[in-house]
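The sequence shown begins at 19 in my numbering and counts up by one. Each residue gets a CB set at the ideal place from its N, CA and C atoms; glycine is no exception. Take a look at the structure below.
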Amino acid sequence: MQRQELGVFLRHRRELLRPSDVGLVAGGRRRAAGLRRDEVAVLADMSTDYYERIEQGRGPRPSPSMLGAIARALRLTLDEREHIYLLAGHEAPPRHYSLGYADAGLMCVLDALAPAVPALISDDLSNVVAQNPLNVALLGPIARAQGRARNSLWRWFTDGELRSRYLADQHDTLGREYVADLRVTLGRRHEDEAVRSLVAELSAASAEFREVWARQEVAVRRTTRKVLIHPEVGRLDLECDAVVSPPSGQRLVLFRPQPGSGAGERLEMLAVLGTQTFPESSRSR
């Protein structure tokens, strides 16, 4: 591990960022340009002391998942992400592996959409790696969950509470769309253990998944119409559009209101309510 070089690189990238670049409000006078260390720590979901020690070249070697979180917080490009893995003495992961990392270009769009449009970023296995605040208010803090709980497809087939938020007559269609998209990913990454493990675990956990998987349907998810019943603002008729980043294969998923449905006004209400409708127990699942 090249501790000093890693610390210098992270500090340089931190000082290049302004709060507005990462969706934060600057607030008052700042003694120096760039983000503060505590702001990076919040964005990376780690303690300020832990991040400070890494940047100062005196901390333990960060794990690959920690490096992914730091890369996401600092909006690093894929090349820069690979660089910090090598400096930390780890083999750089393949570019389609998220490890908590979100594509830097998509993160910029996610931040820009934050005030009015719920949006999330997922990888090609449906692991949610980032959400803006309005998306958290809509769906709960999926990106902060652990293990399979961060995977939209896994939650769809195993989480009855999640499915209850969607109209029942949509369940079959949405499930088939999820599975058809997963089969596309399997075709692209047929020797990848991460894909095969997800299919195997879903097959073991859900009879419905096994039945849908056996249909051999193949289709990329691009635009999906969804109707959610939110506990605070009621029915939301939404169009979900997926925008793919070619370098990483990750997707920015936008939840925009269907015209004339009243969903736009309800999303404005949801922006005011924030994340208070999701108790702590829901956030840790």
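In whole angstroms, what separates the C-alpha of residue i from that of residue j?
i      : j      : result
Ser302 : Leu24  : Per-residue confidence for Ser302 stands at a pLDDT of 34, beneath the threshold of 50, marking its modelled position as unreliable; no derived number is given.
Gly205 : Leu152 : 33 Å
His304 : His108 : The structure shown does not extend to residue 304, since the chain is modelled only from 19 through 303, so no value can be given for it.
Leu104 : Pro82  : 10 Å
Val40  : Asp67  : 21 Å
Pro111 : Arg207 : 15 Å
Arg233 : Arg48  : 58 Å
Gly292 : Gly252 : 15 Å
Thr95  : Tyr69  : 19 Å
Arg31  : Gln188 : 45 Å
Arg90  : Ala122 : 7 Å
Between the Cα of residue i and the Cα atoms of the options, which residue gives the shortest distance?
i      : options                        : result
Asp259 : His248, Gly205, Val238         : Val238
Pro311 : Glu257, Gly267, Pro277         : The structure shown has nothing for residue 311, since the chain only spans 19 to 303.
Ser144 : Arg173, Asn150, Cys126, Ala122 : Arg173
Leu61  : Ile88, Ala51, Arg76            : Ile88
Arg55  : Leu270, Asp187, Leu92          : Leu92
Glu229 : Asp190, Ser38, Arg162, Gln22   : Asp190
Ser215 : Gly165, Ser65, Ser38, Leu180   : Gly165
Ser38  : Arg269, Gly292, Gln268, Pro133 : Pro133
Phe175 : Val154, Arg162, Ser65, Arg194  : Arg194
Glu226 : Val271, Thr242, Leu272, Asp177 : Asp177
Val146 : Met19, Val58, Leu270           : Leu270
Taking residue i as part of the beta strand (DSSP E), name the residues at either end of that continuous run.
i      : result
Ile247 : 241-248
Asp259 : 252-262
Cβ atoms of residue j and residue i: under 9 Å apart, would you say?
i      : j      : result
Ser221 : Tyr196 : no
Leu85  : Arg99  : yes
Ala167 : Ala148 : no
Glu73  : Leu53  : no
Ile160 : Leu131 : no
Leu192 : Val217 : no
Pro265 : Arg79  : no
Ala281 : Glu235 : no
Who are the Cβ neighbours of residue i in its own chain at under 8 Å, not counting the five residues just before and after it?
i      : result
His248 : Leu156, Arg183, Leu254, Arg284, Leu288, Thr295
Thr203 : Asp142, Leu143, Val213
Within a Cβ cutoff of 7 Å, which residues of the same chain sit near residue i, ignoring the five residues on either side of it in sequence?
i      : result
Ser300 : Interpretation of Ser300 is limited by its pLDDT of 42, a score under 50 that renders its predicted location unreliable; the figure taken from the coordinates is listed afterwards. Here the set comprises Gly158.
Arg29  : Glu73
Pro297 : Reliability of the predicted coordinates at Pro297 is poor, the pLDDT of 48 falling under 50, and the value obtained from them is presented with this limitation in mind. Cβ within range, chain order: n/a, list empty.
Gly77  : Tyr68, Arg71
Start and end of the alpha helix (DSSP H) containing residue i?
i      : result
Ile72  : 66-73
Ala212 : 211-223
Kindly list the residues whose CB is nearer than 6 Å to the CB of residue i, restricted to its own chain and excluding five residues on each side of it in sequence; keep chain order.
i      : result
Arg21  : Gly75
Ala44  : Pro37
Ala223 : Thr176
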